[in-house]
Amino acid sequence: MSKKRVLSGIQPTHDSFHLGNYLGALKQWVALQDDNDAYYCVVDLHALTVETDPKLLQKRTLLSAAQLIAIGIDPGKSTLFVQSQVPAHNQLAWVFECITGFGEASRMTQFKDKSQKGGAERTNVGLFTYPILQAADILLYQPDFVPVGEDQRQHIELTRDIAERFNKKFGKVFNIPQAQIIKSLAKISDLQEPTAKMSKSATSMAGVIEILDTPEAILKKFKSSVTDDDKEIRFDEKLKPGISNLLSIHSALSGKSVKEVESEFSGKGYGDFKSVVAEIVIETLKPIARRTNELMSDKDGLIKILQDGSERANQVASSTLKAAYNAVGII
Numbered sequence: 044m045s046k047k048r049v050l051s052g053i054q055p056t057h058d059s060f061h062l063g064n065y066l067g068a069l070k071q072w073v074a075l076q077d078d079n080d081a082y083y084c085v086v087d088l089h090a091l092t093v094e095t096d097p098k099l100l101q102k103r104t105l106l107s108a109a110q111l112i113a114i115g116i117d118p119g120k121s122t123l124f125v126q127s128q129v130p131a132h133n134q135l136a137w138v139f140e141c142i143t144g145f146g147e148a149s150r151m152t153q154f155k156d157k158s159q160k161g162g163a164e165r166t167n168v169g170l171f172t173y174p175i176l177q178a179a180d181i182l183l184y185q186p187d188f189v190p191v192g193e194d195q196r197q198h199i200e201l202t203r204d205i206a207e208r209f210n211k212k213f214g215k216v217f218n219i220p221q222a223q224i225i226k227s228l229a230k231i232s233d234l235q236e237p238t239a240k241m242s243k244s245a246t247s248m249a250g251v252i253e254i255l256d257t258p259e260a261i262l263k264k265f266k267s268s269v270t271d272d273d274k275e276i277r278f279d280e281k282l283k284p285g286i287s288n289l290l291s292i293h294s295a296l297s298g299k300s301v302k303e304v305e306s307e308f309s310g311k312g313y314g315d316f317k318s319v320v321a322e323i324v325i326e327t328l329k330p331i332a333r334r335t336n337e338l339m340s341d342k343d344g345l346i347k348i349l350q351d352g353s354e355r356a357n358q359v360a361s362s363t364l365k366a367a368y369n370a371v372g373i374i
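Heads up: the sequence shown at position 168 corresponds to 211 in our numbering, and the numbers run straight through without jumps.
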């Protein structure tokens, strides 16, 4: 029985992924590569939709790839590559832009939210066409399913619509992928704003645990995490969002149920609990940070890994692009 193909990507918009990324998606990526034909991509072209420094983008692209390997993505099992190293992404995106309606693209929730915040005059066209390039990213590799968070469901639906429209108009070229909505191993909130999701776009990084944080920084962030005036360690997202968040993190990384953790810390203080959760996080992230630094210290070796992945990706992508070009009449 042949393996099913899976594809997913992540933007290199920060120096470090955070704990929410790790438990929300990346740890599941590692598990998926064992039984599937996995393609994982650092989508550097998408990162251009926000203002960025060229040298910083190069550094973050390599850092993102290094972290993926350090987390457990095996370039021997998975095809790990950088989006911009496969020209077919842009080439197919243009074809898709020409069969996608303006109104259809305008209805994308993420575009509406970001353009309303920034204002139409300050919103670049790349942000508008982002989901269409994402459709090309996906469909080039003919995946069976795409593991994404709930916030990307609408983009996958657009991808499916574009593929179905193309196939109906020009003949079947594209496999219609399914969205696999990843269930986070835990709902991870900001340590300073426990009612808000941990996010790279947070106004302050004081509540965001980054994978490459030092043990000292992690401990400090946990010790200053927002809790409540009550002293009971129990899970109650509404009344005790801070403690509930810490319980979720402990449970996700220790493998113990929330009930077991509650029982273990019954009658104990918040200070002790914060320190224990911090230590579990430190022990989980320390080898990832160490491996990332090792990979970054040999950039030529890391680039070689990505070049090998891009060559494999190019073989698949160029074949799909050729079929799409033939279908629409491009010589």
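Ideal placement from N, C-alpha and C gives every residue a C-beta, glycine not left out.
Item: Contact defined as beta carbons within less than 8 Å: I believe Q185 pairs with F217. What is the distance between those atoms, to the nearest angstrom?; Value: 7 Å
Item: Let me know if S232 comes out buried or exposed under the rule of 16 or more other beta-carbons within 10 Å of its beta-carbon.; Value: buried
Item: Could you please give me the residues that DSSP links to I205 through a beta bridge?; Value: I205 is not bridged to any residue.
Item: Which of the three DSSP states is assigned to T122 in this structure?; Value: strand
Item: Quick check on V168: buried or exposed, where buried means 16 or more other Cβ atoms within 10 Å of its Cβ?; Value: exposed
Item: Taking three-plus beta-carbon pairs below 8 Å as touching, is the segment 337-350 in contact with the segment 293-300?; Value: no
Item: Report, in whole angstroms, the separation of the C-beta atoms of A90 and L100, which I expect to be a contact under 8 Å.; Value: 6 Å
Item: Three or more C-beta pairs under 8 Å: does that hold for the segment 255-268 against the segment 319-335?; Value: yes
Item: What number of angstroms, rounded off, separates the C-alpha of L355 from the C-alpha of T122?; Value: At residue 355 the sequence reads Arg, which differs from the Leu that was named. Taking the straight line from one Cα to the other gives about 7 Å.
Item: Where does the unbroken alpha helix (DSSP H) through Y173 begin, and where does it stop?; Value: 168-182
Item: Give me the Cα-Cα distance between L176 and D58, rounded to the nearest whole angstrom.; Value: 24 Å
Item: Are the beta-carbon atoms belonging to G67 and S227 less than 8 Å from one another?; Value: yes
Item: Let's see if you can read the secondary structure: which residues bound the beta strand (DSSP E) around N79?; Value: 79-85
Item: Residues in the same chain with beta-carbon distance under 8 Å from S127, minus the five sequence neighbours each way, listed in chain order, please.; Value: D87, L88
Item: Please report the Cβ distance between I112 and R208, rounded to the nearest whole angstrom; I am assuming they are in contact, meaning their Cβ atoms lie under 8 Å.; Value: Their Cβ separation, rounded to whole angstroms, is 37 Å, which puts I112 and R208 out of contact at 8 Å.
Item: Buried or exposed: D256, going by 16 or more other Cβ atoms within 10 Å of its Cβ?; Value: buried
Item: So what's D315 in DSSP terms, helix, strand or just coil?; Value: helix
Item: So with Cβ pairs under 8 Å, would you call T152 a contact of chain D?; Value: Structure shown: chain D not included; a single protein chain is present.
Item: Check for me: the alpha helix (DSSP H) holding Q71 runs from which residue to which?; Value: 70-75
Item: Excluding the 5 residues flanking A367 on each side, which residues of the same chain have their C-beta closer than 7 Å to its C-beta?; Value: L135, V138, V216
Item: Roughly how many angstroms lie between the CA atoms of V189 and K120, to the nearest whole one?; Value: 17 Å
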